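The structure appears right after this line, and notes come after that.
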Amino acid sequence: MKATLLIELLTEELPPKVLEKLSTTFANEVFASLKEQALLGEASVCTPYCTPRRLAVSITAVEAQQPDRVIERKGPAVAAGLDADGKPTKALEGFMRSAGVTLAQLQRVVDGKSEYFVARVEQKGKALDEYLQDIVTQALKKLPVPKLMRWGDSEHQFVRPVHGLTILHGNRVVSVEVLGLTSGNVTSGHRFLCSERVSIEHADDYEATLARDGRVIVSFAHRRESIVARLDTLAEQNGAIWVGHANFDLEKLLSMSNDERSVLSTLLDEVTGLVEWPEVYVGEFEKEFLDVPQECLILTMQQNQKYFPLLDATSGKLLNKFLIVSNMQVADPKHIIGGNQRVVRPRLADARFFFNQDRKQKLESRVEKLGNVVYHNKLGSQLQRVERITTLAGTIARLLDADKANAELVARLCKADLLTDMVGEFPELQGIIGRYYAFHDGEDLEVANAIEAHYHPRFAGDSIPVGAVASSVALADKLETVVGIYGVGQVPTGDKDPFGLRRQALGILRILVETPLDLPLPALLKATAENFPAGMLSASVAADVEGFMMDRLRGYLRDRSFDPSHIEAVLAVLNGRLHEVLPRLQGVRAFAAMAVAKDLAAANKRVQNIMRKNHEELGTAMASAAFDAKLMTDEAERNLHQAMVDITPFAQGYFSRGEYGQNLKALVTLKPFIDDFFDQVMVMAEDRKLRINRALLLRQLGGLMNQVADISRLAA
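Each residue of the sequence shown is one higher than the one before, starting from 1 at the first, in full-length UniProt numbering.
Next comes the structure, spelled out in structure tokens:
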């Protein structure tokens, strides 16, 4: 008989930040185990549930009885299972005992080059009840929890104390013992809004019963949707938008829809893990606190109190209001609102105190104190790092024709806010609060803005620095980090990247590509490496980091939906000039869509193959020789040469203007001449002078065809 299976573990409050992950892991492990035991149907659906006080899973169409099956077990190889007399060895005897078969019942199966014994044993199907205890126990052991705890006199361990176990197959209680608890069909509702225990009569009624009788929304997704709907409604009523992502660009937030904001909200997932029957209320604080930078107040409310600050929907300015997600839905919420307002005031007062105290010292006065802060035990102090960034930022600014003095000033001040009380309390504000303090100190707006912008992009989708000064310092900061950390052997491996080198490398690439900036990457890496004391970094660090960054660039470009073959074609001739990579790729994409593109790519590949195969013989001679039109003897080669002469000014003009697609399309006119040349002309002629001259012609052709990209890589 098929029926829905329900498993619920009732606990003390689970960690909210990982609640959804715990829930999905538990559900997936149970589902996989049931499937392995052939207890699921083709249409079985797994639904995870979780609240702060429970993990649960509901799976439809679960069989009450496992079908009879033939279990196949692979034994030892025939060569190892039989001795010289053809009798079973000890290895084979042990396998037969464990499988419960005789030698006559074994079959031989060829697997690759070897022959093995296989036991096929008919196994009578067992009842679901016989498997569930082990399935639930093993699923709980596989949950991603860093620490387990014991409670009371129990020897059992779990992430939180466990108080109840419900297991139902349809309307039947499956008797199982897990973590010292015997399963039943009675659970608890809301801790405060439901005083009676809740009976689950049927597994299919679990979600509806707890909502009706227990005042609990057990679905994480439904609970989250309920919170979002109330946040949207109350924000709209106050002419505002709610903020649930501390590190997001607030200006960009204003242009987003409610759905887009909810997807980005990290706070939303956390509060969803804190409530079972959510309601949202509006709280207020005194307007005088708005004199503090709004980023500070937003972080204070989000991190310390789990509130959703409100921004004016038109101006983007922080309002003196916030939204409270409560676990209590009551008719008169004034005590809930009042209590939260009393709690938030001291937090805001602390932020105001830090802000006022910090401004008593100029950023410049804090710089030398960075010498007491260790950056890395192999790379020195933060002050030494700032000095390296300052030198490099000045070099980059000069290359960009930017204000070198301003770039060096920004670089000198950009880490000073690390020693402020505000950043000590909220590390996320580094750079942001530095901007406020620099402006307060009387620095130019360009300098103050660049202090914040040099951290950008901070995460995927973040904005890049605007302006040459900000870009210079941002590049210097990120280059110093990547080259320095990589150069002392702290290379990212697998999913481990403690210094965020992948993120920093992507930031460098985005600034160079998207701004765009005409700064060759190899030269930047070389200048950065030379900025460190001799012997501090590995000798090959510039080349190593270039390879690391080019891998990141390939991933970045694939994420922008460029074809991998197009990417390789462009990178083959780019020589580190990343500011050209996007327009070149767009040109290659347009060219590749033409019907003739593959034919030209194949011809180009043929040219390169000829040059490569004969490089040893002709390479030295070609280095000192020049193409001589008078040596041409065949009409086909003269026609090809003339076509190249005719098209070159147009192709070069397009290339110099950055019209890369037009450059490639201009090559289409060469196709019939290239075809005739290969059909009628013997490149490797017996006459050595003629052979070298034709090779020189092909080299010119290859250079003309491969200015934008190595189009031979586009050949199928």
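Ideal placement from N, C-alpha and C gives every residue a C-beta, glycine not left out. This structure is a prediction, so every number in the text was calculated from the model and none was measured.
| Which class does residue 721 belong to by DSSP, given the choice of helix, strand or coil? | Residue 721 lies beyond the range of the chain shown here (1 to 716); nothing can be said about it.
| query | Roughly how many whole angstroms lie between the Cα atoms of residue 272 and residue 191? | reply | Just so you know, the alpha carbons of residue 272 and residue 191 end up roughly 16 Å apart.
| task | Express the C-alpha separation of residue 287 and residue 239 in angstroms, rounding to a whole number. | result | Rounded to the nearest angstrom, the two C-alpha atoms are 17 Å apart.
| said: Whole angstroms are fine: how far does the CA of residue 395 sit from the CA of residue 587? | reply: Cα-Cα distance, rounded: 32 Å.
| request: Would you check if the distance between the CB atom of residue 351 and the CB atom of residue 292 is smaller than 8 Å? | output: Inclusion of residue 351 and residue 292 in the CB contact set at 8 Å is warranted, their separation being smaller than that value.
| query | Leaving out five residues before and five after residue 178 in sequence, what residues of the same chain have Cβ atoms less than 8 Å from its Cβ? | reply | Correct list, in chain order: 9, 133, 136, 137, 140, 165.
| request: Please report the residue range of the beta strand (DSSP E) in which residue 355 lies. | output: Note, residue 355: premise wrong, no beta strand (DSSP E); alpha helix (DSSP H) at 334-358.
| Hey, residue 47 and residue 203 are a contact pair by Cβ (cut 8 Å); roughly how many whole angstroms apart? | Incorrect: roughly 11 Å between the Cβ atoms, too far for contact.
| task | Using only alpha-carbon positions, find the residue among 74, 161, 391 that is nearest to residue 531. | result | The option with the nearest alpha carbon to residue 531 is 391.
| message | At the level of alpha carbons, what is the spacing between residue 445 and residue 417? | response | C-alpha separation (whole angstroms): 17 Å.
| message | Using only the alpha-carbon positions, how far apart do residue 115 and residue 109 sit? | response | Between residue 115 and residue 109, the C-alpha separation is close to 6 Å.
| request: Spatial neighbours of residue 338 within its chain, please: CB distance less than 7 Å, with the 5 preceding and 5 following residues excluded, ordered by chain position. | output: Excluding residues within five positions, none has a Cβ falling inside 7 Å.
| Quick one: is residue 471 buried, meaning 16 or more other Cβ sit within 10 Å of its Cβ, or exposed? | That one is buried.
| Run through DSSP, which three-state label would residue 496 get? | Residue 496: strand per DSSP, three-state reduction.
| message | Quick check: the Cα distance between residue 275 and residue 49, rounded to an integer number of angstroms? | response | When rounded, the separation of the alpha-carbon atoms in residue 275 and residue 49 is 13 Å.
| task | Could you round the C-beta distance between residue 130 and residue 70 to whole angstroms and report it? I think they count as a contact, below 8 Å. | result | Beta-carbon to beta-carbon, residue 130 and residue 70 are separated by about 19 Å, too far to satisfy the 8 Å threshold.
| said: Can you tell me where the beta strand (DSSP E) holding residue 54 begins and where it ends? | reply: In this chain, the beta strand (DSSP E) harbouring residue 54 covers 54-63.
| field | Residues bridged to residue 470 [DSSP beta-bridge criterion] | value | Answer by DSSP bridge pairing: none, since residue 470 is not bridged.
| request: Give every residue of the same chain whose Cβ lies closer than 7 Å to the Cβ of residue 412, excluding the five residues on either side of it in the sequence, and list them in chain order. | output: Here the set comprises 367, 386, 390.
| According to DSSP, is residue 197 helix, strand or coil? | The three-state reading of DSSP puts residue 197 in strand, counting E and B together.
| said: Let me make sure I understand the geometry here. Which of 665, 701, 660, 607 has the alpha-carbon closest to that of residue 594? | reply: Nearest of 665, 701, 660, 607 to residue 594, Cα basis: 665.
| The alpha helix (DSSP H) spanning residue 656 covers which residue range? | Run containing residue 656: 635-656, per the alpha helix (DSSP H) assignment.
| query | Hey, how far is the Cα of residue 428 from the Cα of residue 434? | reply | Taking C-alpha positions only, residue 428 is separated from residue 434 by approximately 11 Å.
| request: Kindly list the residues whose CB is nearer than 7 Å to the CB of residue 672, restricted to its own chain and excluding five residues on each side of it in sequence; keep chain order. | output: Once the five neighbours on either side are set aside, residue 672 has no close Cβ partner at all.
| query | Straight-line CA distance for residue 572 to residue 555? | reply | Between the alpha carbons of residue 572 and residue 555 lies a distance of about 16 Å.
| CA-to-CA distance, residue 364 to residue 296, given in whole angstroms | Straight-line Cα distance between these residues: approximately 22 Å.
| task | Note down, in chain order, each residue of its chain lying with its Cβ closer than 8 Å to the Cβ of residue 40, except the 5 sequence neighbours on either side. | result | Taking residue 40 as the centre and dropping the five residues before and after it, the same chain places the C-beta of 31, 34, 59, 61, 62, 63 closer than 8 Å to its C-beta, in chain order.
| task | Starting from the Cα of residue 674, find the closest Cα among 243, 605, 659 and give me that residue. | result | The shortest C-alpha separation from residue 674 is found at 605.
| query | If we call anything under 8 Å between Cβ atoms a contact, is residue 699 one with residue 644? | reply | Not in contact: residue 699 and residue 644 (Cβ atoms no closer than 8 Å).
| Between the segment 368-381 and the segment 454-472, are three or more C-beta pairs nearer than 8 Å? | The answer is no - the segment 454-472 does not touch the segment 368-381, with fewer than three Cβ pairs under 8 Å.
| message | Assuming residue 679 is part of the alpha helix (DSSP H), what are its boundary residues? | response | From DSSP, the alpha helix (DSSP H) with residue 679 extends over 671-680.
| request: Using a threshold of 8 Å, state whether the C-beta atoms of residue 410 and residue 447 are closer than that. | output: Yes, they are a contact pair.
| field | Neighbourhood of residue 20 by C-beta distance below 6 Å, restricted to the same chain and skipping five residues each side | value | Hits under 6 Å: 220.
| From the DSSP output, which residues share a beta bridge with residue 688? | The partner list for residue 688 (beta bridge, DSSP) is empty, contrary to what the question assumes.
| So residue 724 packs on residue 193, CB below 8 Å; how close in whole Å? | The structure shown has nothing for residue 724, since the chain only spans 1 to 716.
| said: Quick check: what's the CA-CA separation for residue 175 versus residue 348? | reply: Going from the Cα of residue 175 to the Cα of residue 348 covers about 53 Å.
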